[in-house]
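Peer 1: Have a look at this one before I ask anything.
In my numbering, the protein residues as written are 139 to 319.
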């Protein structure tokens, strides 16, 4: 065995510090410092220290956001992607060629085969709110360069039933106003 303080180890330790913390820019915790220190003291043979570069050789496996949406289920428990899709697929009209992928806790990307399927889900039936059981689903279009943790889910569609409004307010213009936003 030989001591190796190659950039590879420094990169692994730096990557560990960036991913274990609660968020970007947070101060490293004691556990992260210990892990980084252990990585520095790790003794590897020259064969073990060989750097491996992983590249996306098969671009068919990459997510294309041209006809895709990113969603998040607002649930205190983590739901499996198959559970989420079992609830949403029939509500979305069972689109053919739909390819869902989990990208985090209750966060998913769904690729559609056609633009029409994507637009139908985005629009819903008159802006219908989507849900999985009693948990709301937020839908967002995002840039492919973002990480799942960077996607902003800040809008929720809700339906409100206003009981017994005045007659002058019972019209389409007042009902569709953005005053409720």
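Here a beta-carbon is modelled for each residue, glycine too, at the ideal position from N, C-alpha and C.
Should residue 176 be labelled buried (16 or more other beta-carbon atoms within 10 Å of its own) or exposed?
Peer 2: Along the chain shown, one-based indexing puts residue 176 at 38. The residue is exposed, with fewer than 16 neighbouring Cβ atoms inside 10 Å.
Peer 1: Of the choices 249, 228 and 254, whose alpha-carbon is the least far from that of residue 270?
Peer 2: Against the chain shown, residue 270 aligns to sequence position 132. Looking at the Cα atoms, 228 is the closest of the given residues.
Peer 1: CB-CB under 7 Å to residue 301, same chain, minus the five flanking residues each way: which ones, in chain order?
Peer 2: On the chain shown, residue 301 is found 163 positions in, with the first residue counted as 1. Same-chain partners within the cutoff: there are none.
Peer 1: According to the Cβ coordinates, are residue 210 and residue 244 closer than 8 Å?
Peer 2: Within the chain shown, residue 210 is the residue found at index 72, counting from 1. Within the chain shown, residue 244 is the residue found at index 106, counting from 1. Yes; because the gap between Cβ atoms is below 8 Å, this pair is in contact.
Peer 1: Is residue 297 buried or exposed, if buried means 16 or more other CB atoms sit within 10 Å of its CB?
Peer 2: As a working mapping, residue 297 is identified with position 159 in the chain shown. It counts as exposed.
Peer 1: For the beta strand (DSSP E) holding residue 257, just list the boundary residues, first then last.
Peer 2: The residue labelled residue 257 in the question sits at position 119 within the chain shown. Here residue 257 belongs to no beta strand (DSSP E); instead the alpha helix (DSSP H) covers 253-261.
Peer 1: Taking the alpha-carbon positions, what's the residue 303 to residue 295 distance?
Peer 2: The residue labelled residue 303 in the question sits at position 165 within the chain shown. The residue labelled residue 295 in the question sits at position 157 within the chain shown. If you take the alpha carbons of residue 303 and residue 295, they lie about 21 Å apart.
Peer 1: Can you give me the C-alpha to C-alpha distance between residue 231 and residue 242, rounded to a whole angstrom?
Peer 2: Residue mapping note: residue 231 aligns to position 93 of the chain shown, counting from 1. Residue mapping note: residue 242 aligns to position 104 of the chain shown, counting from 1. Those two C-alpha atoms are separated by around 25 Å.
Peer 1: Hey, how far is the Cα of residue 286 from the Cα of residue 240?
Peer 2: Here residue 286 refers to the residue found at position 148 of the chain shown. Here residue 240 refers to the residue found at position 102 of the chain shown. If you take the alpha carbons of residue 286 and residue 240, they lie about 10 Å apart.
Peer 1: Compute the Euclidean distance between the alpha carbons of residue 236 and residue 305, then round it to the nearest angstrom.
Peer 2: The count along the chain shown starts at 1 and reaches residue 236 at position 98. The count along the chain shown starts at 1 and reaches residue 305 at position 167. Whole-angstrom Cα-Cα distance: 45 Å.
Peer 1: Assuming residue 278 and residue 291 make a contact with CB atoms under 8 Å, what is their CB distance in whole Å?
Peer 2: Looking up residue 278 in the chain shown gives position 140. Looking up residue 291 in the chain shown gives position 153. With a Cβ gap of about 6 Å, residue 278 and residue 291 count as contacting.
Peer 1: Are residue 205 and residue 246 touching if we call contact CB-CB under 8 Å?
Peer 2: Along the chain shown, one-based indexing puts residue 205 at 67. Along the chain shown, one-based indexing puts residue 246 at 108. No. Outside cutoff.
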